[in-house]
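Here's the structure, in structure tokens; my notes come after.
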Amino acid sequence: MSTDGPEPAVLWFRRDLRLGDHPALVAAGQRVLGVFVLDDRLLKPAGAARRIFLVRSLRALREQLGGRLLIVSGDPATVLPEIADAVSATSVHISAECAPYGRERDQAVRAALARREIDLVATGSPYAITPGRVRKQDGDPFRVFAPFYRAWLEHGWRGPADTEKSTVDWIDPGAVAESVELPDEPVPEGLTLPEAGEKAALTAWREFRKGALADYPDDRDRPDRPGTTRLSTYLRWGAVHPRTLLADLVDDLPGGDSFRRELAWREFHADVLWHRPETARRNYDRRFDVFDQDTGKAADAAFDAWCAGQTGYPIVDAGMRQLLAEGWMHNRIRMVVASFLVKDLHLPWWRGARHFMRRLVDGDLASNQLNWQWVAGCGTDAAPYFRVFNPVTQSQKFDQDGAYIRTYVPELRDLTGQAIHQPWTLPDGPPAGYPLPIVAHAEERQEALRRYGAVTG
Ligand code: FAD
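Shown next, in the form of structure tokens:
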């Protein structure tokens, strides 16, 4: 391949499937081959929702690039050096990866490229502030959100990178290698996914900013209202960068502070996982390694009922069915269903986390595992382990009229008044087809407290 003109470089897209505000693209220069590697180690555990959304995101990116995106499959440490050599690139550019598998993979790729004297250059990351940078004054990492948040604000972040108008000459991938066909996996029955791609992400953000943002401080906890952005799916694949969002929160925009704080939770969890990669699988608080949890047939049956949205607690079932229908669940309800699994059913957090990771379209290792641990009481922060969400009062408080429950639990659609929150109290019991509660919350709460007491002393 001719090397006349600007130095060619490879931009290896991963969790940064966009062209706007893309620091690694700036670093790559003016003559760039865009590559995505379909990597089985990431794809297999993802679940259909996330895989399908990824494929759609790649199609959207390829379209933005006028078709000039090379899509290959295989081990990145094997395929990337060959691709870089084929275009005579001396550098492969990436946005830094911060989760355990990605960090390890990047080390292997870096070593493989180095053998051919090609640099792996990391610029930026999927976060406003790259995990690992915000530290206590003594250099230790934060273990509690509130002081992390203050230090994160104080640290500050750069403005968005100006890549929208970039005049990159994208190298035609046809001259380098043949792209693999993107898999056309059928969408599981009943699953609806949002539109993929940078344009869809920016449109969703623009509309939210003009509309619901002002009410975000109150409505973010209301699953019955369109009160949140649903940007988690786009942030997952980097269709939009958090700095783009933060840069728009100017002039004391109503709702802006509250929204900025939520984005900081995403950064906090990424920071925790960066310092403690083993917490993707293990308890952050190791005292919980001996915590007493249920196993066996009855425990498995309870788990299956939870997964299917058949626990007899309407707010829990609505959440679990929203997950099946949309690959997404409202944050308040994620907390309620997670608490129910751990504290009412006495099952290990990682079982729930694994189910979430298979089903969520926004499934993200740091946010998922560490939020699960937070709810389970074995994670970071001052989340008191003795806080047991009551599925009835949560429902009465945050889904007052039952509109959220009615959307996802058709068996309860015709119920009026307070019965929607606890249909077992109706004189004839719940409507046909809807189960009685599989456990009694008041009793299981006591049992949970007993077990927690045994660990925490
Ligand atoms: P918004 O309210 O619009 O918030 C804006 C953004 O802030 C979100 O997109 C997200 O990036 C970030 N954010 C908000 N709350 C949190 C939080 N508690 N932790 C981390 N980031 C947050 N989020 C994921 O992105 N992927 C996951 O796999 C995931 N698993 C979770 C599992 C459990 C048990 C719990 C309790 C929470 C989990 N969350 C996860 C966090 C949160 O529920 C989602 O980020 C949020 O519901 C996404 O909806 P949204 O984009 O409308 O949020």
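Using the numbering used here, the first residue of the sequence shown is number 343, and each one after it goes up by one. Quick reminder that beta carbons are idealized off the backbone N, C-alpha and C, glycines included.
{"Item": "Nearest-angstrom Cα separation, counted from H688 out to E540", "Value": "41 Å"}
{"Item": "Assumed close pair L462, V434 - CB separation to whole angstroms, cut-off 8 Å", "Value": "5 Å"}
{"Item": "Residue from A660, R729, A438 and D511 whose Cα sits closest to the Cα of R373", "Value": "D511"}
{"Item": "Contact check, L412 vs L359, beta carbons under 8 Å", "Value": "no"}
{"Item": "Sub-8 Å separation of V703 and L544 beta-carbons", "Value": "no"}
{"Item": "V717: CB within 7 Å of a non-hydrogen atom of ligand 1", "Value": "yes"}
{"Item": "Short Cβ contact (8 Å threshold) for D867 with F731", "Value": "Not covered by the structure: residue 867. The range shown for the chain is 343 to 799."}
{"Item": "Endpoints, beta strand (DSSP E) assigned at L412", "Value": "L411 to S415"}
{"Item": "Close beta carbons around L385, own chain, < 7 Å, minus the five adjacent residues each side", "Value": "R393"}
{"Item": "Bridge partner(s) assigned by DSSP for D448", "Value": "For D448, which the question treats as bridged, DSSP gives no partner whatsoever."}
{"Item": "Rounded separation between Q664 and P656 - CA only", "Value": "12 Å"}
{"Item": "Anticipated Cβ contact below 8 Å, Y352 with A426, distance rounded", "Value": "One point to set straight first is that residue 352 is Val, not Tyr, in the sequence displayed. About 5 Å separates the two Cβ atoms, so the contact holds."}
{"Item": "Whole-angstrom distance between L768 and R578, CA atom to CA atom", "Value": "43 Å"}
{"Item": "Straight-line gap, D631 to L361 (C-alpha atoms, nearest Å)", "Value": "44 Å"}
{"Item": "Given L588 as reference, the closest of L605, G580 and T575 once Cα atoms are compared", "Value": "L605"}
{"Item": "Whether I436 touches W354 by CB criterion (8 Å)", "Value": "yes"}
{"Item": "S344 versus V451: straight-line alpha-carbon distance, rounded", "Value": "For S344, the predicted structure reports a pLDDT of 49, less than 50, and the residue's modelled location is therefore unreliable. The matter cannot be settled from this model."}
{"Item": "Three or more C-beta pairs below 8 Å linking the stretch 418 to 432 and the stretch 734 to 747", "Value": "no"}
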